[in-house]
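In the working numbering, the protein residues as written are 9 to 858.
Have a look at the structure below before the remarks.
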RNA sequence: GCCCGGGUGGCGGAAUAGGAAGACGCAUGGGACUUAAAAUCCCAAGCCCCGAAAGGGGCGUGAGGGUUCGAGUCCCUCCCCGGGCACCA
């Protein structure tokens, strides 16, 4: 027993000891430092938020990047492969509140853990370029970007109903609200009216949408699709309905239904509501309805099964018929889409139909289906398809498509309408009422209004200490620090106040990929010529969860910088790869609401129970996360098993873009494989000079297969091919030939991107003293791969009956001759008549017999 | 509801210009080594049926249909799972 443990430890120690040795070797050689010459390749993994511990989910991301980085390095590229920290953010601040640790200390402690772990994993980063978004020499430039946007009119302040998380005590961007819930704490968000800073990303909506075409083919289709949907372009018409001395403007994509309007509906948040209340004889009821509507959470508002609203007893004028149209206020109207007011066409819009049914409003049919009975349909629902116009005055009998054009023209000629495009995309709310973020470089002066902090005074530093880290309702905790708050106006020098909100951390991460190129530049955000050299990112690797957040924001900011001539291209990420998640099985106690350790789980008839309490547990396989309590900590795993085991396990388990479950067995497989590799490379001796064509042919075939899979990101099958390669080498009879040594060398080079430490070890065991990575990836020659004899399959009446060996590229007659002498012929054909003969060269002989 | 993915052995997964389904690995069974166990090595293995065995036969890629000499792969209908969006006018 004692001995067994000793051996186990020894084997594992071997991996770890080997890895330490070669990590030092690479460091001393400065192997992965950016060379600064030759053709560049910029490979980037989405940088992490440094919280707690790294786990296998993180490693998958970095392992993929590292494999590509090493492949490109061996192909002779000047590889830029950096790492840094997305270091501002809420958890640091919560740690400050809960444990009274300074957010900076908490963050730096985590960064140190992350950095050490990644070094232990042997990642090929150029560590000299490390950046951290919470350092003043970084966030100075985040502030600089803010001011740039401000000068261009792309950063603005407005009072607005915004998403607010009462638990996190901060506002949230549209993108951070998932299913009506705060993406961080998963609690329902509410709408609050605050004065906030926005980035005008909608001004770039059209370009963000159109330029997706440039990315098509290089970005995953579903990410492009998600961005298209998120931007949500629709073309329609803005129509003015006269209301007293004003106009109520609505947006519609279905102007062909305008003669079917039977009411106008206004979102409760809309400023015009105040005006309407002034005139309405139904003031109290309206105020009551609006207050209730605004206090609902997003989820409550969206999940209402019936439409609600209130009649204002006010009317607007139909632009074409002149009829009086009743005005309602209803919370099914979304305030920040279109104009926040809609024209109600119950016959042809399901939502308006439901509203009209509830409030007994007229349902005026104006579009007739090409087939089917409109009256019958309207008994149950709205008819939303295109059709032929009826009850529409001079537009009768037009098709919807044509009518949309004609009616739009007519409205335009009356100056009561305008063709227009609406986007689902909202402006990016970037204010956050938090301490641990990048301060917004703005000063409020009673005389001068909103004043920018002059560039020479950047960065606006976060105060080192606060008396209380706790946010105040609707305000940043920075409000507590009067030294920070009060300053002098840069223009008139009188006493003024600083902005106390900080920026959304997505602002920090919207440009970090640039800073890696020129991380120490004190004079400018980035040197334009270096930018030209290293951008765009050739391969960007990260999780799909950022499809509509980070990846839209980064594209937006990069385009703004492009328009300013600061950068040279208009898209930052040439190729995007989204890796799948690492899942882990765990057992959930639904009574006590926590994860139960596997050691106390007992199985009975396919169900799982807690050994002590007897509670039935839920077996789940989900993404590794701290909150689920199912993480496999990376640092500990590396100490026990080494990095190459983890990498092989992760990469072999499934294709990189696919989710997979982390299990003991994939670790076992990886260990066994690497042990077999090491044992093949022990006690070697080469003395014989014999050439073996078959070996040569095999090697070239494997080089081809493995390199093709490297190029296509099929790393799981690349490793499978390496395993086949190894098995062949292991069984090869003449292990003393120099040609065999060459084969072992090629294997070590091909293994290197996947298991870099073990590859370096076996390469050196062959007697070489340079790094295995200083070898170019081996090339193959097609002429060695082609064999003289090949096996082709024989099918009779569509059923596979065996194989025959024929010369390569034989013609039909030759093949048939061979076939006639085969046992298959003897058995299945001999006395039968061949009705049809199909021969596909080098593949199949297929016969139909009567 | 709409839009994307995807259903292959006990398990993870291979196989796309339609041409031998199950590569590679895990787990499993048997054997070798060992006093023993672990580790390692060798062999077997999709499922079902016949046979003492050698061997032989049939069925098989979510279900049903179609195209074809030949379908995991192409077409049609349906079922299930995962993801995205969702009162966007």
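Glycine included, each C-beta is placed from N, C-alpha and C at the ideal position.
Bear in mind the structure is a predicted one, so any value in this text is a computation, not a measurement.
message = Between which two residues does the beta strand (DSSP E) holding residue 550 run?
response = 547 to 550
The alpha helix (DSSP H) enclosing residue 537, as first and last residue numbers = 536 to 542
query = Using a Cβ-Cβ cut-off of 7 Å (strictly less than) and excluding sequence neighbours within five positions of residue 269, which residues of its own chain qualify?
reply = Non-local C-beta neighbours of residue 269 in its own chain, meaning closer than 7 Å and more than five positions away in sequence, comprise 326, 333, 351, 352, 353, ordered along the chain.
request  = Tell me whether residue 355 counts as near the ligand ZN, meaning its Cβ is closer than 7 Å to at least one heavy atom of that ligand.
outcome  = Because no ligand of any kind appears in the structure shown, any question about the ligand ZN cannot be addressed here.
key: N-terminal and C-terminal residue of the alpha helix (DSSP H) that residue 677 is part of   = 672 to 688
inquiry  = Taking the straight line between their C-alpha atoms, what separation do you get for residue 376 and residue 236?
reply    = 32 Å
request  = Leaving out five residues on either side along the sequence, give the residues of the same chain with a beta carbon under 7 Å from the beta carbon of residue 239.
outcome  = Taken in chain order, the residues that qualify are 213, 216, 217, 431, 432, 433.
key: Alpha-carbon to alpha-carbon, residue 474 and residue 283   = When rounded, the distance between both Cα atoms is 44 Å.
ask   = Between which two residues does the beta strand (DSSP E) carrying residue 618 extend?
value = 615 to 618
inquiry  = With H, G and I counted as helix, E and B as strand and the rest as coil, what does DSSP make of residue 425?
reply    = In the structure shown, the three-state DSSP call for residue 425 is strand.
inquiry  = Please state whether the Cβ-Cβ distance between residue 568 and residue 162 is less than 8 Å.
reply    = yes
query = What whole-angstrom Cβ distance do residue 89 and residue 133 have, given they're in contact under 8 Å?
reply = 6 Å
query = What did DSSP end up calling residue 758 once you bin it into helix, strand or coil?
reply = helix
task = Within 10 angstroms of the Cβ of residue 592, are there 16 or more other Cβ atoms? Answer buried if so, exposed if not.
result = For residue 592, the number of other beta carbons within 10 angstroms of its own is at least 16, and it is reported as buried.
Residues bridged to residue 625 (per DSSP) = Bridge partners of residue 625: 616.
Distance between beta carbons of residue 620 and residue 608, contact taken as under 8 Å = Right, their Cβ atoms sit about 6 Å apart.
key: Neighbourhood of residue 453 by C-beta, 6 Å cutoff - its chain only, sequence neighbours within 5 removed   = 459, 497, 504
message = Do residue 208 and residue 435 have their beta-carbon atoms positioned less than 8 Å apart in this structure?
response = Closer than 8 Å, so yes.
ask   = How far does the alpha helix (DSSP H) with residue 204 in it reach, from first residue to last?
value = Element bounds for residue 204: not the alpha helix (DSSP H) but the beta strand (DSSP E), 198 to 207.
Paired residues, beta bridge with residue 324 - DSSP = According to DSSP, which records beta bridges pairwise, residue 324 is partnered with 333.
ask   = Looking at residue 141 and residue 520, is the spacing between their C-beta atoms short of 8 Å?
value = yes
ask   = Can you find at least 3 beta carbon pairs, one from the region 164 to 179 and one from the region 106 to 126, that sit closer than 8 Å?
value = no
inquiry  = Suppose the cutoff is 6 Å on Cβ atoms and the five residues either side in sequence are ignored; what does the same chain contact list for residue 31 look like?
reply    = 130
task = Taking 8 Å as the cut-off, decide whether the C-beta atoms of residue 95 and residue 119 are in contact.
result = yes
message = Please report the distance separating the alpha-carbon of residue 765 from that of residue 745.
response = Rounded to whole angstroms, the separation of the alpha carbons of residue 745 and residue 765 is 26 Å.
message = Assuming contact is defined by CB atoms lying nearer than 8 Å, are residue 335 and residue 355 in contact in what I supplied?
response = no
message = Considering only their Cβ atoms, is the gap separating residue 814 from residue 925 smaller than 8 Å?
response = Any property of residue 925 remains undetermined from this structure, which presents the chain solely from 9 to 858.
message = For a test of the three-state rule: what should DSSP assign to residue 305, helix, strand or coil?
response = strand
ask   = Three or more C-beta pairs closer than 8 Å, one from the region 536 to 551 and one from the region 510 to 525: is that the case here?
value = The region 536 to 551 vs the region 510 to 525: in contact.
query = Three-state secondary structure (DSSP) at residue 504?
reply = strand
message = To the nearest angstrom, how far is the alpha carbon of residue 45 from that of residue 491?
response = A straight-line Cα-Cα distance of about 49 Å links residue 45 and residue 491.
ask   = Would residue 562 be called buried (16 or more neighbouring beta carbons within 10 Å of its own) or exposed?
value = Buried.
ask   = Per DSSP, what kind of secondary structure is residue 483 in: helix, strand or coil?
value = strand
key: Where residue 107 falls, given that 16 or more other Cβ within 10 Å makes a residue buried   = Under this definition residue 107 is an exposed residue.
ask   = Can the beta-carbon of residue 724 be found closer than 8 Å to that of residue 662?
value = yes
Among 742, 585, 713, 604, nearest to residue 68 - alpha-carbon criterion = 585
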